[in-house]
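*Asks:* Numbered per my numbering, the sequence shown finishes at 628, counting up by one with no gaps. From the three backbone atoms N, C-alpha and C, an ideal C-beta is built for every residue, glycine too. This is the structure I want to talk about, given as C-alpha cells.
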Amino acid sequence: MTTLRDMKSGDHGRVQGFDAGAPSYRRKLLSMGLTPGAEFQVIRVAPLGDPVEVRVRGCSISLRKDEAAALLVEGLS
C-alpha cells in the first residue's frame, strides 16, 4: 500500500483507507468522495508536488501534499 502523494500523472488507484496520524483530513476527504473502495485517476501533479489533481466519481479534485499523504491507496493496472 502507498499514499496518493507517491503516485504520478496517469496512474489509477483505489482508496484503501486513511493514515491514522492525520484525523483532521479524514472527514474532508470523505466528504469529497474519497471513500474506501473508490477508484480514481491522477490527472496531474504540479512540478513541486503540490497540488495533486485527481478524478474520482466524475469530479476533479485538487489536494494539497499533506492531504494526499493522508490517503492510503492501492495502484491499479
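Considering only residues of the same chain and omitting the five flanking positions on each side of Ala573, which have a CB-CB separation below 7 angstroms?
*Replies:* Ala621
*Asks:* List the whole-angstrom C-beta distance separating Gly564 from Gly609, where the pair is believed to meet the contact cut-off of C-beta under 8 angstroms.
*Replies:* No, Gly564 and Gly609 are not in contact; Cβ-Cβ is about 16 angstroms, not under 8 angstroms.
*Asks:* From Arg595, Pro602 and Val603, pick the residue whose C-alpha is nearest to that of Ser560; which is it?
*Replies:* The candidate whose alpha carbon is nearest that of Ser560 is Arg595.
*Asks:* Going by DSSP, name the residue or residues bridged to Glu625.
*Replies:* For Glu625, which the question treats as bridged, DSSP gives the partners Arg565.
*Asks:* Of all the options Asp570, Lys579, Gly584 and Asp557, which has the alpha carbon lying nearest to the alpha carbon of Arg606?
*Replies:* Gly584
*Asks:* Run through the segment 597-621 for me and flag every whole beta strand (DSSP E) of 3 or more residues, listed as ranges in chain order.
*Replies:* Entirely contained in the segment 597-621, the beta strand (DSSP E) runs reaching 3 residues are, in chain order, 603-607 and 610-614.
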